[in-house]
Amino acid sequence: MSPYAYKVQKLSKTVRWSILGVSAIVLLFMSYQLLINGQIRYIDSRPFMTLWESNEVSRTILFLASAPTLFLVFFSIYWMNKLLLEFQQGDFFSHTSFRCYIGFVWTKIIAILYGTVLNFAMGMWHSKFYESTDLVVKIEFGYLTTLVLLAIVAHLLKAAKALEDENKEFV
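Per UniProt numbering, residue 1 is the first one in the sequence shown, and the count goes up by one each step.
This is the structure:
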């Protein structure tokens, strides 16, 4: 095993445990805010927050509408953890690594789309209870560039895997 591969494996282990630790802290904080303070901190939508604070809409329904966001967070953590575990074991270009990476990318795409749809739906729902509704449907440029970069990396990983397979056949 090359020293570089060993360093990448160690770094993958460190990053994986760091991500799990930070994720646990953040999820505990969000759970505390929801269960103790009755606040949702993982949705960034003014109409949603206004409806949450009002007594006109069931918080259970709002929570159920926001629940897919939580599931997508868990799926993102799962795919990152699984990918870094593959890297930790030295499987940098395996089929499983590529599948984990693609799963992570699709989770991010779905999260962005669901967040946009949820924000729009909450704005429409908000307009039924209030005279004025400021609906801001935002798709941040940073998210789009990140998704493009992730797609490019996926293509490069696929090409690297093909080269690795070709080199193994040659030897």
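Even for Gly, the Cβ is constructed at its ideal location relative to N, Cα and C.
Through-space distance from residue j to residue i, alpha-carbon basis
{"i": "Leu-113", "j": "Asp-165", "result": "35 Å"}
{"i": "Lys-161", "j": "Leu-83", "result": "15 Å"}
{"i": "Phe-98", "j": "Leu-157", "result": "7 Å"}
{"i": "Gly-123", "j": "His-155", "result": "37 Å"}
{"i": "Trp-17", "j": "Cys-100", "result": "17 Å"}
{"i": "Ser-54", "j": "Phe-129", "result": "10 Å"}
{"i": "Arg-46", "j": "Val-148", "result": "28 Å"}
{"i": "Thr-14", "j": "Leu-64", "result": "35 Å"}
{"i": "Arg-59", "j": "Asp-44", "result": "16 Å"}
{"i": "Tyr-42", "j": "Lys-168", "result": "46 Å"}
{"i": "Leu-27", "j": "Leu-34", "result": "10 Å"}
Residue i, buried or exposed, once every other Cβ within 10 Å from all chains shown has been counted against 16
{"i": "Ser-31", "result": "exposed"}
{"i": "Gly-142", "result": "exposed"}
{"i": "Phe-104", "result": "buried"}
{"i": "Thr-126", "result": "Per the sequence shown, the amino acid found at residue 126 is His instead of Thr. It is buried - the Cβ of His-126 has at least 16 other Cβ atoms within 10 Å."}
{"i": "Gly-38", "result": "exposed"}
{"i": "Gly-90", "result": "exposed"}
{"i": "Ser-2", "result": "exposed"}
{"i": "Trp-79", "result": "buried"}
{"i": "Ile-40", "result": "buried"}
{"i": "Ser-132", "result": "exposed"}
{"i": "Val-136", "result": "exposed"}
{"i": "Val-153", "result": "exposed"}
Coarse secondary structure for residue i, derived from DSSP in three states
{"i": "residue 194", "result": "This structure does not reach residue 194, given that the chain is present from 1 up to 171, and the question cannot be answered."}
{"i": "Asn-119", "result": "helix"}
{"i": "Lys-138", "result": "coil"}
{"i": "Phe-98", "result": "helix"}
{"i": "Glu-56", "result": "coil"}
{"i": "Thr-69", "result": "helix"}
{"i": "Arg-41", "result": "coil"}
{"i": "Phe-92", "result": "coil"}
{"i": "Ile-61", "result": "helix"}
{"i": "Tyr-130", "result": "coil"}
{"i": "Ile-19", "result": "helix"}
{"i": "Ser-2", "result": "coil"}
Residue i and residue j closer than 9 Å at C-beta
{"i": "Leu-51", "j": "Leu-62", "result": "yes"}
{"i": "Phe-87", "j": "Val-8", "result": "yes"}
{"i": "Phe-75", "j": "Asn-119", "result": "no"}
{"i": "Phe-93", "j": "Ala-5", "result": "no"}
{"i": "Thr-116", "j": "Ile-139", "result": "yes"}
{"i": "Leu-72", "j": "Ile-25", "result": "no"}
{"i": "Ile-19", "j": "Ile-77", "result": "yes"}
Proximity test, residue i beta-carbon vs the ligand FAD heavy atom, cut-off 8 Å
{"i": "Leu-11", "result": "In terms of ligand content, the structure shown is empty, and the ligand FAD therefore cannot be addressed."}
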